Each structure stands twice: as C-alpha cells, then as structure tokens.
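511 is the number that the working numbering gives the last residue of the sequence shown; the numbers go up by one with no jumps.
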Amino acid sequence: MLAFGIGEASGAFKNMAWGVLLLFYYQQVIGVEAALVGLAIAIAVMIDAVTDPLIGTWSDRIRTRWGRRHPMLLAASVPLAATFIALFNPPEGLSELGNFLWLMVFGVLVRASYTFYNIPHLALGAEMAHDYDQRSTLFAYSAFIGAMSVAVSYGLIMRYYFPTTDDFDPGLLNAGRYPLLSLHFTVVMALAIVLCVLGTAREIPHLRETQNRERFGVLTVFKEMGAVLTNRSFRALFAAIVLGSIVGGVESAFTPFVGVHFWGFTTEDLSYLG
238 MLAFGIGEAS
248 GAFKNMAWGV
258 LLLFYYQQVI
268 GVEAALVGLA
278 IAIAVMIDAV
288 TDPLIGTWSD
298 RIRTRWGRRH
308 PMLLAASVPL
318 AATFIALFNP
328 PEGLSELGNF
338 LWLMVFGVLV
348 RASYTFYNIP
358 HLALGAEMAH
368 DYDQRSTLFA
378 YSAFIGAMSV
388 AVSYGLIMRY
398 YFPTTDDFDP
408 GLLNAGRYPL
418 LSLHFTVVMA
428 LAIVLCVLGT
438 AREIPHLRET
448 QNRERFGVLT
458 VFKEMGAVLT
468 NRSFRALFAA
478 IVLGSIVGGV
488 ESAFTPFVGV
498 HFWGFTTEDL
508 SYLG
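In structure tokens, the structure reads:
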C-alpha cells in the first residue's frame with residue numbers, strides 16, 4: 238500500500254506545477270498573451286482526453302514476463318522527466334508564436350507521458366485489491382499520500398522556490414527559479430515512479446487477470462467507451478468529476494493571480510494555503 242501510494246506523489250508534484258505555475262509563468266514571466274497560453278493548455282488537455290482511453294485499452298492487452306502494468310509505469314519516467322524539464326525551459330529569444338508552440342508541444346508531451354504512467358497505475362491498484370475492503374483501503378491510502386504531496390509541493394513552490402525579495406515581489410516573477418524547480422520536481426516524480434514499481438513488483442504473480450479481449454484497435458476503444466457509458470452509475474460519477482474538475486482547474490489557475498494581484502499577498506502568505 239505504501240509503495241502504491243508513493244506513486245501518487247509523482248502526479249501531485251506534476252499537477253501542482255502544471256495547475257499553479259504554468260499559466261502564470263508563460264503569461265506573466267515569459268510574456269505570452271493570456272489567450273494564447275490558455276489555448277495551448279486547452280489543446281494539451283483535449284489531446285490528453287483522447288490518449289487516456291487509447292493508452293488504457295493498449296495497457297489491458299500487453300503481455301510480458303513483468304505483467305501488463307509495470308513495464309509501462311517504468312518506461313513513462315524517462316519521457317516524463319525530459320518533457321517536464323523542457324516545458325519550464327523554453328529557449329531564449331523565441332517569438333510569442335514560438336513560445337506558444339513550445340508550450341503546446343511540450344504540454345501535450347508531458348501529459349501524454351504522464352498518461353503512460355497514470356492509467357496503468359490506476360489499473361494496477363484495481364488488480365492488486367481482491368475485494369471491496371482492500372480496494373477502498375488501498376485507494377484511501379493512495380489519496381492520503383497524494384493530498385500530503387500536494388500540500389508539500391505547494392508549500393515548496395511558494396516558500397522555497399519563489400520567496401519574496403527586493404528584486405522580485407511577488408517571488409513568482411523570478412524567472413531564474415523555474416528551471417531549478419523543474420529539475421527538482423522531475424527528480425521527485427521519477428523517484429516516486431521507481432519506488433512504486435520496485436515496491437509493488439512482488440505482486441505481479443498475484444495480479445488478477447481480466448478476461449481475454451480482442452486485439453487492440455481504434456474501434457475497440459470506441460466499443461469499450463460505449464460499453465462503459467451505458468452504465469448509469471458511471472455517467473453520474475463522470476458528470477460529478479467533470480464539475481469538480483472545472484472548480485479545481487479554475488481555483489488552481491487563478492490562485493497565483495488573485496493571491497498576488499488582488500489580495501496583495503506575498504508568496505510566503507500564500508504558502509499557508511497548502
């Protein structure tokens with residue numbers, strides 16, 4: 238349970254950098270028009286919505302001596318690390334269009350790389366648990382570690398990486414700190430993935446296998462999505478998650494803008510929100 242839960246730290250650190258800093262960084266620090274930044278992020282998220290079911294369907298059909306999930310979990314760490322660092326390190330001298338394209342391309346790659354980890358990770362949890370009680374306990378444990386990782390990463394962002402100085406008030410305007418943050422967060426994300434893989438590897442022989450499925454194909458994805466959407470309970474849960482995600486997305490994206498420009502808080506003040 239501990240190893241599986243530690244895997245959530247990877248997503249927590251990635252999501253905090255993405256949700257809290259990305260819009261602010263490219264609009265306030267790099268100087269890209271806000272509408273273009275929002276468009277680039279929206280494109281990345283929409284493509285992510287397409288790759289999620291594709292990767293999930295593919296992961297269900299992998300057959301290796303190390304199981305279906307673990308090879309994908311481990312393989313995702315390298316592209317995730319490389320693209321995440323690139324996302325917060327655009328080359329100097331790019332035009333506004335160039336920065337927009339850099340954000341869009343590496344935003345897509347970061348989210349696709351994380352999908353290669355996140356979807357098999359969720360499936361692994363379902364396969365490790367053998368009954369209702371185990372499943373509830375496992376995912377509650379994972380959610381707890383994820384929440385604590387959010388609090389820690391947010392506190393680090395506001396208090397350690399972007400402190401208020403005479404030159405930078407608010408500290409989030411300090412362009413030189415973003416590359417350092419991206420490097421450190423990448424190490425945490427990769428380490429969390431490796432610890433999750435190593436700590437759950439002994440469960441591979443005991444994982445529940447699903448029924449035999451037809452070969453992977455695009456039509457297969459649509460068939461499986463259609464089958465899921467016929468479930469009334471899933472539709473209710475899906476709608477609730479969509480509404481909750483809208484609230485969470487608005488909150489995370491607007492927090493640095495509202496905090497420093499409307500409330501006049503320093504980053505040290507904002508760190509207590511975590």
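Where is the CB? At the ideal position from N, CA and C, for every residue including glycine. This structure is a prediction, so every number in the text was calculated from the model and none was measured.
Classification of residue i by the beta-carbon crowding that lies within 10 angstroms, buried from 16 upward
{"i": "Glu329", "result": "exposed"}
{"i": "Gln371", "result": "exposed"}
{"i": "Pro442", "result": "exposed"}
{"i": "His498", "result": "exposed"}
{"i": "Pro327", "result": "buried"}
{"i": "Phe343", "result": "buried"}
{"i": "Ala281", "result": "buried"}
{"i": "Leu507", "result": "buried"}
{"i": "Ile478", "result": "exposed"}
{"i": "Leu456", "result": "exposed"}
{"i": "Ser390", "result": "buried"}
{"i": "Val487", "result": "exposed"}
{"i": "Leu393", "result": "buried"}
{"i": "Val495", "result": "exposed"}
{"i": "Met283", "result": "exposed"}
{"i": "Tyr351", "result": "buried"}
{"i": "Ile356", "result": "buried"}
Beta-carbon separation (whole angstroms), residue i vs residue j, contact threshold 8 Å
{"i": "Phe353", "j": "Met309", "result": "6 Å"}
{"i": "Ala318", "j": "Thr423", "result": "5 Å"}
{"i": "Tyr263", "j": "Asn336", "result": "7 Å"}
{"i": "Ala520", "j": "Thr288", "result": "With the chain covering 238 to 511 only, the question about residue 520 has no answer from this structure."}
{"i": "Pro416", "j": "Phe325", "result": "6 Å"}
Span separating the alpha-carbon of residue i from that of residue j
{"i": "Ala246", "j": "Ile292", "result": "21 Å"}
{"i": "Leu418", "j": "Leu338", "result": "22 Å"}
{"i": "Phe502", "j": "Leu510", "result": "11 Å"}
{"i": "Leu480", "j": "Val345", "result": "23 Å"}
{"i": "Pro316", "j": "Val347", "result": "8 Å"}
{"i": "Ala286", "j": "Glu505", "result": "35 Å"}
{"i": "Ala272", "j": "Trp295", "result": "35 Å"}
{"i": "Lys460", "j": "Thr492", "result": "40 Å"}
{"i": "Gly256", "j": "Glu333", "result": "21 Å"}
{"i": "Gly182", "j": "Thr301", "result": "Only positions 238 to 511 of the chain appear in the structure, and residue 182 is not among them; the question remains open."}
{"i": "Arg306", "j": "Leu435", "result": "12 Å"}
{"i": "Glu413", "j": "Ile267", "result": "Per the sequence presented here, residue 413 reads as Gly, with Glu not at that position. Straight-line Cα distance between these residues: approximately 11 Å."}
{"i": "Leu420", "j": "Leu258", "result": "15 Å"}
{"i": "Gly463", "j": "Met341", "result": "30 Å"}
{"i": "Thr467", "j": "Asp406", "result": "52 Å"}
{"i": "Ala476", "j": "Arg452", "result": "30 Å"}
{"i": "Leu474", "j": "Ser482", "result": "12 Å"}
Chain-order list of residues whose beta-carbon lies under 6 Å from that of residue i (same chain, five-residue window excluded)
{"i": "Met238", "result": "Leu375 and Tyr378"}
{"i": "Glu440", "result": "Met365"}
{"i": "Phe471", "result": "Val465"}
{"i": "Leu260", "result": "Val274 and Ala490"}
{"i": "Met579", "result": "This structure does not reach residue 579, given that the chain is present from 238 up to 511, and the question cannot be answered."}
{"i": "Ile299", "result": "Arg305"}
Beta-carbon proximity list for residue i, same chain, < 8 Å, skipping 5 on both sides
{"i": "Thr402", "result": "Gly408 and Asn411"}
{"i": "Gly362", "result": "Phe241, Arg372, Leu375, Phe376 and Ser379"}
{"i": "Val387", "result": "Ala249, Asn252, Met253 and Gly511"}
{"i": "His367", "result": "Arg445"}
Cβ shell of residue i (< 7 Å), same chain only, five flanking positions each side left out
{"i": "Gly244", "result": "His358, Ala429, Ile430 and Cys433"}
{"i": "Gly304", "result": "Ile441 and Leu444"}
{"i": "Val425", "result": "Ala246 and Phe250"}
{"i": "Ile382", "result": "Gly242, Ile243, Glu245 and Ala246"}
Identify every run of the alpha helix (DSSP H) within the stretch 255–329, keeping only runs that are complete inside it and at least 4 residues long; order them along the chain.
271–297 and 307–324
Can you give, in chain order, each stretch of the alpha helix (DSSP H) that sits fully within the stretch 355–394 and has at least 4 residues?
369–392
Quick one: complete alpha helix (DSSP H) runs, 4+ long, within the stretch 447–511?
455–466, 469–494 and 504–508
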